[in-house]
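Following: one structure in structure tokens, then a few remarks.
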Amino acid sequence: ITLADIFALFKESERQREAEQAEQKRLSQERQQEYEQRQREHEERQRKHEEDMEQFRISMEETRKMVAETNKHMGSITSRWGEFVENLVRPAAN
Numbered sequence: 001i002t003l004a005d006i007f008a009l010f011k012e013s014e015r016q017r018e019a020e021q022a023e024q025k026r027l028s029q030e031r032q033q034e035y036e037q038r039q040r041e042h043e044e045r046q047r048k049h050e051e052d053m054e055q056f057r058i059s060m061e062e063t064r065k066m067v068a069e070t071n072k073h074m075g076s077i078t079s080r081w082g083e084f085v086e087n088l089v090r091p092a093a094n
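Residue numbers (full-length UniProt numbering): 1 to 94.
Following this line, the structure appears as structure tokens:
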């Protein structure tokens with residue numbers, strides 16, 4: 001084994017190390033891009049979910065208002081119907 005052989009081994013070892021580092025860097029960048037893509041997708045799903053929940057909240061509020069208004073109208077109809085029946089029955093009861 002000569003000094004040139006040892007130097008060639010060191011050069012080959014260095015080349016392999018640099019190739020491995022380059023591959024690790026590429027894989028790291030690839031993983032980072034995948035992570036960022038998943039993060040963007042998650043944020044988009046989260047935003048959509050929040051929009052859906054807001055629409056649901058608005059819809060529920062409108063439904064509550066409609067139910068309250070319907071109950072109010074039913075109460076007045078029931079009162080008028082009760083008065084009508086009382087007026088029909090009162091003369092017969094006297």
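Even for Gly, the Cβ is constructed at its ideal location relative to N, Cα and C.
Note that the coordinates shown come from a computational prediction; the quantities given were computed from them, not determined experimentally.
Which value, in whole angstroms, describes the spacing of the CA atoms of Lys65 and Ile77?
Distance between the alpha carbons of Lys65 and Ile77 is about 18 Å.
Roughly how many whole angstroms lie between the Cα atoms of Gln21 and Glu41?
30 Å
From what residue to what residue does the alpha helix (DSSP H) around Ile58 run?
3-93
Distance, Cα to Cα, Lys72 vs Glu83?
17 Å
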